[in-house]
Amino acid sequence: MLEFFATILGCCLGSSGITAIILAVLQRKWKKADKAEEKQDVIINGLKVLTVDRVRYLGKNYIERGWITLWEKENLKDMYIAYKALGGNGHLDTVMKEVERLDIRSDELE
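Laid out in structure tokens, this is it:
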């Protein structure tokens, strides 16, 4: 009977030890995954900030100039689409509406 309890106790302690090791390994893996995810979020937020700044700057210049070339407009739209794909929240909607109203001129007039 004593051997039976010793065997059960040994199994419990052994499985707890294995469980603890497995949990430690999993927690370490999850922590690394969380850090990678956080780093990815930081990079995406940085890209959004840079894109907002660039589109606003270029849009302001084109609006002040009063016209835009087709190439400039397509480039600005591509940046805007990329910003939206990154999860942009509409900060550029006003600028893009104004850019849409600009006259398109030939590249040769620059």
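All residue numbers in the sequence shown are consecutive under our numbering, ending with 167. Think of the CB as a built atom: it goes at the ideal place given N, C-alpha and C, for glycine as much as any other residue.
Cα-Cα separation between residue i and residue j, rounded to whole angstroms
i: R85; j: V99; result: 21 Å
i: V156; j: G103; result: 24 Å
i: L159; j: Q97; result: 36 Å
i: A169; j: V82; result: Examination of residue 169 is not possible in this model, given that the chain is present from 58 through 167 alone.
i: A94; j: K88; result: According to the sequence displayed, residue 94 carries Glu and not Ala. Rounded to whole angstroms, E94 to K88 spans 10 Å at the Cα level.
i: E121; j: K92; result: 43 Å
i: D110; j: G116; result: 10 Å
Residues of its chain near residue i, where Cβ-Cβ distance is below 8 Å and the 5 sequence neighbours each way are ignored
i: V112; result: L133, M136, Y137, Y140, L149, V152 and M153
Beta-ladder partner(s) of residue i, from DSSP
i: I161; result: I125
Sequence-distant residues of the same chain with beta carbon closer than 7 Å to residue i, five excluded per side
i: T108; result: M136, A139 and Y140
Best match in the options for proximity to residue i [C-alpha to C-alpha]
i: I101; options: L115, G116, S163 and G144; result: G144
i: K105; options: E60, K130 and N146; result: N146
Whole-Å CB distance - residue i paired with residue j, under 8 Å assumed
i: R162; j: W128; result: No, R162 and W128 are not in contact; Cβ-Cβ is about 11 Å, not under 8 Å.
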